[in-house]
Amino acid sequence: MFNTLQDLMLHNKSITYVLMGVVLICFVGFWHFLTDKEERKRRY
Amino acid sequence: MTTETQKGTLFTPWNIVAGIILAAGVVVTIMRFTMGLGSVTNLSDNNPWGIWIGFDLLCGVALAAGGYTTSAACYIFGFKRFHGAVRPAILTAFLGYALVVFALNYDVGRPWRLPYPIFYQQGTTSILFEVGLCVFIYLTVLFLEYLPAALEWKRGFDKYRDILVKLTMGLTILGVILSTLHQSSLGALYLIAPSKLHPLWYTPYLPVMFFMSSMFAGMSMVIFEGTLSHKHFHHKMDDEYNLGYEDLQMAFSKAAAWIMAGYLAMKLLGLAMDNRWQYLGTGYGAWWLVEVVGFVALPCYAYAVAYRDRNLKLARFTALWTVLGIVLNRFNVSLVAFNWQLPSVDRYFPSAGEIIISLFVVTIGVIAFRFIVTRMPIFYVHPAYKDSSH
Amino acid sequence: MKRRHFLGLLGAAGVTLGSGATAKAASLGDVKGLPNAGGVLFDASRCIGCRKCEAACNQVNDLPKPAKAFDDLTVLDVTRRTDAKTYTIVNKYVPDAGKPPVFRKIQCNHCMEPACASACFVAAFKKSETGAVVYDPDVCVGCRYCMVACPFNIPAYEYDKAFTPRVMKCTMCQPRLLEGKLPGCVEACPKEALIFGKRRELLNLAWDRIGGNPGRYVEHVYGEREMGGTSWLTIAPKPSFAAIGMDENLGTTSAPELTSGALAAVPAVAGIWPVLLTGLYAISKRKEKIAESEKQAAVAAAIAKASADAEAKLAEELAKAEVAGKRRIEVEVKKALEAAAKAGEEGEDA
Numbered sequence: 097m098f099n100t101l102q103d104l105m106l107h108n109k110s111i112t113y114v115l116m117g118v119v120l121i122c123f124v125g126f127w128h129f130l131t132d133k134e135e136r137k138r139r140y
Numbered sequence: 344m345t346t347e348t349q350k351g352t353l354f355t356p357w358n359i360v361a362g363i364i365l366a367a368g369v370v371v372t373i374m375r376f377t378m379g380l381g382s383v384t385n386l387s388d389n390n391p392w393g394i395w396i397g398f399d400l401l402c403g404v405a406l407a408a409g410g411y412t413t414s415a416a417c418y419i420f421g422f423k424r425f426h427g428a429v430r431p432a433i434l435t436a437f438l439g440y441a442l443v444v445f446a447l448n449y450d451v452g453r454p455w456r457l458p459y460p461i462f463y464q465q466g467t468t469s470i471l472f473e474v475g476l477c478v479f480i481y482l483t484v485l486f487l488e489y490l491p492a493a494l495e496w497k498r499g500f501d502k503y504r505d506i507l508v509k510l511t512m513g514l515t516i517l518g519v520i521l522s523t524l525h526q527s528s529l530g531a532l533y534l535i536a537p538s539k540l541h542p543l544w545y546t547p548y549l550p551v552m553f554f555m556s557s558m559f560a561g562m563s564m565v566i567f568e569g570t571l572s573h574k575h576f577h578h579k580m581d582d583e584y585n586l587g588y589e590d591l592q593m594a595f596s597k598a599a600a601w602i603m604a605g606y607l608a609m610k611l612l613g614l615a616m617d618n619r620w621q622y623l624g625t626g627y628g629a630w631w632l633v634e635v636v637g638f639v640a641l642p643c644y645a646y647a648v649a650y651r652d653r654n655l656k657l658a659r660f661t662a663l664w665t666v667l668g669i670v671l672n673r674f675n676v677s678l679v680a681f682n683w684q685l686p687s688v689d690r691y692f693p694s695a696g697e698i699i700i701s702l703f704v705v706t707i708g709v710i711a712f713r714f715i716v717t718r719m720p721i722f723y724v725h726p727a728y729k730d731s732s733h
Numbered sequence: 114m115k116r117r118h119f120l121g122l123l124g125a126a127g128v129t130l131g132s133g134a135t136a137k138a139a140s141l142g143d144v145k146g147l148p149n150a151g152g153v154l155f156d157a158s159r160c161i162g163c164r165k166c167e168a169a170c171n172q173v174n175d176l177p178k179p180a181k182a183f184d185d186l187t188v189l190d191v192t193r194r195t196d197a198k199t200y201t202i203v204n205k206y207v208p209d210a211g212k213p214p215v216f217r218k219i220q221c222n223h224c225m226e227p228a229c230a231s232a233c234f235v236a237a238f239k240k241s242e243t244g245a246v247v248y249d250p251d252v253c254v255g256c257r258y259c260m261v262a263c264p265f266n267i268p269a270y271e272y273d274k275a276f277t278p279r280v281m282k283c284t285m286c287q288p289r290l291l292e293g294k295l296p297g298c299v300e301a302c303p304k305e306a307l308i309f310g311k312r313r314e315l316l317n318l319a320w321d322r323i324g325g326n327p328g329r330y331v332e333h334v335y336g337e338r339e340m341g342g343t344s345w346l347t348i349a350p351k352p353s354f355a356a357i358g359m360d361e362n363l364g365t366t367s368a369p370e371l372t373s374g375a376l377a378a379v380p381a382v383a384g385i386w387p388v389l390l391t392g393l394y395a396i397s398k399r400k401e402k403i404a405e406s407e408k409q410a411a412v413a414a415a416i417a418k419a420s421a422d423a424e425a426k427l428a429e430e431l432a433k434a435e436v437a438g439k440r441r442i443e444v445e446v447k448k449a450l451e452a453a454a455k456a457g458e459e460g461e462d463a
């Protein structure tokens, strides 16, 4: 339980920000998993 | 600005003006950091944010948007022709953001604590936290995107350069995400103060409007900056840059005109959404129309004409016009329409010290830009890396 | 309000997600809202503008002595606001010319959902259980966004300090509250214009006063719902709150709600943009690849056609050569036969 909406949001948003970082890193990994058989030597 | 013919002497008009600004800037800097904000600014308890936020931060970030728009066009949307324009745009953006952060050190009360929100105690409910985090990461991203040019200049770092070049795609996408977030959040900063910002400018669409306007601000800045660079650094440019240059100016004129049309639509729909029509008849309404018609609708039309007729001159003029319009918009939101209900004695007007520091920051930017483009492979591909895809 | 935030979110993210609205709906059950927090009721009709509260505030908070003494009432002739050396001030208003003035005490209203706390990017502000909104100068960076955010224009800044500038505002005398004492101003008030108590009880008291004195008060408790409610409540004599310099158009939306839409758009962008942008990249890459392979196919076809032509020509040449060869053999054979015949004839002759 939280005393104020502000406290609740502080709690929620802090977790969300951490997860956003995790998600962005996972996207990179998954994209590579998804595409790395297309062409072994891909040039970006 | 100097040209190559003036290289011999130190006392060119530009150097003298720059010297005066730098000297005055140093004096104000010393005053600011020894006697406090009050000694050099007109900031007050009612007006905690002046031009160091309204100009240095809001305009600085919006006008540095050319970095993400150009690199996104080239690498994500596949406009390979614009490849030559990416490096100048990235450099401008990198310097722009670096100077924004530099200028913030003047504005905040205890600049040595600037890392606190990210590393010490995170106020994640604050829109400013989001801005700070994104600007911090994006500055790093821009630095990494710019770094290959510096490494090619100094040679002997090919291993690191090649790693960075491989990261280009990821950095570009990350750059667009971060730009979307903080460009819009700069507008969202004002969502918390509905009672202070004039109803014509206060709308829930503020974040969207700041984001959309950052796109055409960035493109206009690329056109404007490219035109200036052509005048002064033409000898540094190679065929790839010169071939793509006019195409890019035309393509960005087209894109800017189209995005500005969307921006105008949002301005109009915003009025309807919150029923703000009655304010159009007031003094603030007239000023709002000056901004929206005079500095968005007309340049939008001018860009369209320039594109249809392939009129480069008009496109370049319109770019400057649009840039001024962006500055006007950011000033309106942060200063003119902010605290609009306060009596005029309590309103803010920048002090000489604040203006000097803003000029000081811009001057440092121009000097740094000149230093880099005359030495590093910005407007040309380094002969040793002709075959590189970067 | 929900529609507004939803649309703000929609626009900000550029995507159709309702997470802003749902986040708010889910939150309501998780928030207690400090029902027992303390507060102060200020009755403007009782205030006589003696400035004793200002003096007490100055003393208990160890603030610097002002230029004019607290018993100098000429100070009231100008409209003032709180500043870095003054947590509270009393202003004089004359709503009806010719009638006695009305005084209003100004200090931090200690919002139930403080805008300063919502705006602070180092979480330096906190709504404490006592009801006070307290500030921690040890983490403050000095960005002054709290001052931009505050709808009541309360926080002030020590602009004259170079190394340790702080945001300054009323603390509701938090240190005294924790000791079980009253706030300095409340204790000093000679007319009981200030009453400290539980906010919930003060609200009842305020409405009792309004109801018990028909025609005297504006029928509104300022702070009951303004900006989500404040711990400091004000009731005022008629005609209006605006007549004593209070903004009557603040609305009831609290600061966290004002920004929740934009904040909800942030994770949406982080989730959707990578997918969208990488998708666009893949599409442009694929188009390029198709164009490339079409080009290659065209080249291959051209080469194939060219070589087919060449082959046909070669075959033709070969055929021609064959015919020519045959003819040559025939000629040779003919020649040989003729020679042989000639030799036979010559033999017969010999």
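Residue numbers (this note's numbering), protein chains in the order written: chain A, 97 to 140; chain B, 344 to 733; chain C, 114 to 463. Where a beta carbon is used, it is the ideal one built from N, C-alpha and C, also for glycine. These numbers were taken from a predicted model, which means no experiment stands behind them.
With a cut-off of 8 Å, does the C-beta of threonine 345(B) fall near any C-beta of chain A? With a pLDDT of only 43 at threonine 345(B), under 50, the local geometry of the prediction cannot be trusted, and the value read off the model is given with reservation. No, no contact with chain A.
C-alpha distance - alanine 381(C) paired with leucine 120(A), whole-angstrom precision: C-alpha of alanine 381(C) to C-alpha of leucine 120(A): approximately 12 Å in a straight line.
Along the chain, where does the beta strand (DSSP E) containing asparagine 672(B) start, and where does it finish? Premise fails: asparagine 672(B) lies in the alpha helix (DSSP H), 655-674, not in any beta strand (DSSP E).
Can you confirm whether glycine 513(B), when its beta carbon is compared against all beta carbons of chain A, has any partner nearer than 8 Å? When Cβ-Cβ separations below 8 Å define contact, glycine 513(B) makes contact with chain A.
If you measure between the beta carbons of phenylalanine 376(B) and alanine 228(C), is that distance less than 8 Å? Not a contact, by the Cβ cut-off of 8 Å.
Classify aspartate 156(C) as buried or exposed, calling it buried when 16 or more other Cβ atoms lie within 10 Å of its own Cβ. Aspartate 156(C) is buried by the Cβ-count criterion.
Looking at chain C, which residues of the region 102-134 of chain A have a Cβ within less than 7 Å of any of its Cβ atoms? For the region 102-134 of chain A, the residues whose beta carbon sits under 7 Å from a beta carbon of chain C are, in order, Gln102, Leu104, Met105, Leu106, Lys109, Thr112, Met116, Val119, Leu120, Phe123, Trp127.
My understanding is that proline 369(C) touches proline 208(C), with C-beta atoms under 8 Å, so please give their C-beta distance in whole angstroms. Not really, about 34 Å apart at Cβ, beyond 8 Å.
Identify the continuous alpha helix (DSSP H) that holds threonine 347(C) and give its terminal residues. Not the alpha helix (DSSP H): threonine 347(C) falls in the beta strand (DSSP E), residues 345-348.
Is the Cβ of aspartate 143(C) closer than 8 Å to any Cβ of chain A? Under the Cβ criterion of 8 Å, aspartate 143(C) is counted among the residues facing chain A.
Identify each residue in the region 506-532 of chain B for which the Cβ-Cβ distance to at least one residue of chain C is less than 8 Å, and report them in chain order. Cβ contacts with chain C come from Met512, Ile516, Val519, Ile520, Thr523, Leu524, Ser527, Ser528, Ala531, Leu532.
Please list the segments of the beta strand (DSSP E) lying wholly inside the region 372-430 of chain B, counting only runs of 3 or more residues, in order along the chain. When DSSP assignments are scanned along the region 372-430 of chain B, no uninterrupted stretch of beta strand (DSSP E) that is 3 or more residues long falls wholly within it.
Residues of chain C with CB under 8 Å from aspartate 388(B), in chain order? Those are Arg194, Thr195, Asp196, Ala197, Met260, Asn266, Pro268, Ala269, Tyr270, listed as they occur along chain C.
Extent of the continuous beta strand (DSSP E) to which phenylalanine 238(C) belongs: It spans 238-240 - the beta strand (DSSP E) in which phenylalanine 238(C) sits, taken as one unbroken run.
Check the DSSP bridge columns for asparagine 204(C) and list the partner residues they point to. According to DSSP, which records beta bridges pairwise, asparagine 204(C) is partnered with Arg217(C).
At 3 residues or longer, what runs of the beta strand (DSSP E) sit wholly inside the region 333-420 of chain C? For the region 333-420 of chain C, whole beta strand (DSSP E) runs of length 3 or above, ordered along the chain, are 345-348.
Indicate the three-state DSSP secondary structure (helix, strand or coil) for isoleucine 308(C) in the structure shown. In the three-state scheme derived from DSSP, where H, G and I count as helix and E and B as strand, isoleucine 308(C) is classed as strand.
Chain-ordered residues of the region 234-249 of chain C with a beta carbon less than 8 Å from chain B: Answer set for the region 234-249 of chain C: Phe234, Val235, Ala236, Ala237.
Go through its chain and collect everything with a Cβ distance to alanine 416(B)'s Cβ below 7 Å, but skip five positions before and after it. Only Phe422, Phe425 meet the Cβ criterion.
My output table needs one value for tyrosine 330(C): the three-state DSSP class, helix, strand or coil. Residue state, collapsed to three classes: strand.
Between the region 364-389 of chain B and chain C, which residues of the former have CB atoms less than 9 Å from a CB of the latter, in chain order? Going along the region 364-389 of chain B in chain order, one finds Arg375, Phe376, Thr377, Met378, Gly379, Leu380, Gly381, Ser382, Thr384, Leu386, Ser387, Asp388, Asn389 with a Cβ nearer than 9 Å to chain C.
Measure the C-alpha to C-alpha separation of glycine 628(B) and valine 635(B) and round it to an integer number of angstroms. Taking the straight line from one Cα to the other gives about 10 Å.
Considering Cα atoms alone, identify which of Ala608(B), Tyr459(B), Leu482(B), Trp496(B) is closest to valine 252(C). The option with the nearest alpha carbon to valine 252(C) is Tyr459(B).
When the cut-off is 8 Å and only beta carbons count, does leucine 401(B) lie next to chain C? With 8 Å as the cut-off, leucine 401(B) does not count as an interface residue toward chain C.
Buried or exposed: valine 688(B), going by 16 or more other Cβ atoms within 10 Å of its Cβ? Around the beta carbon of valine 688(B), fewer than 16 other beta carbons lie within 10 angstroms, which makes this residue exposed.
C-beta atoms of isoleucine 535(B) and leucine 371(C) nearer than 8 Å: The Cβ atoms of isoleucine 535(B) and leucine 371(C) sit closer than 8 Å to each other.
Are the C-beta of glutamate 473(B) and some C-beta of chain C separated by less than 8 Å? Yes, because at least one Cβ of chain C sits closer than 8 Å to the Cβ of glutamate 473(B).
Neighbouring residues, chain B, relative to arginine 257(C) (Cβ below 7 Å): Correct list: Pro391, Trp392.
Let me check one thing: in DSSP terms, what residues is valine 246(C) bridge-paired to? Looking at the DSSP assignment, valine 246(C) forms a beta bridge with Lys240(C).
What residues in the region 336-367 of chain C bring their beta carbon closer than 9 Å to a beta carbon of chain A? Listed by position, the residues of the region 336-367 of chain C near chain A (Cβ gap below 9 Å) are Gly341, Ser367.
Chain A contact residues for threonine 467(B), given Cβ-Cβ distances below 7 Å: The answer, in chain order, is Leu106, Lys109, Ser110, Tyr113.
Are the region 527-543 of chain B and the region 662-669 of chain B in contact at 8 Å, needing three or more beta carbon pairs? Because the criterion of three Cβ pairs below 8 Å is not met, the region 527-543 of chain B and the region 662-669 of chain B do not touch.
is_contact[tyrosine 635(B), chain C] using C-beta, thresh 8 Å: Note that residue 635(B) is valine in the sequence shown, not tyrosine. Cβ-Cβ to chain C under 8 Å: no for valine 635(B).
Helix, strand or coil: which one does DSSP assign to valine 688(B)? Helix at valine 688(B).
Serine 158(C): which of Lys240(C), Arg329(C), Ile267(C) sits nearest, CA to CA? For serine 158(C), the closest alpha carbon among the candidates Lys240(C), Arg329(C), Ile267(C) is that of Arg329(C).
Where the region 370-404 of chain C meets chain B: residues whose CB sits under 8 Å from a CB there: Taking 8 Å as the Cβ-Cβ cut-off against chain B, the residues of the region 370-404 of chain C that qualify are Leu371, Thr372, Gly374, Ala375, Leu376, Ala378, Val379, Val382, Ala383, Trp386, Pro387, Leu390, Thr391, Leu393, Tyr394, Ser397, Lys398, Lys400, Glu401.
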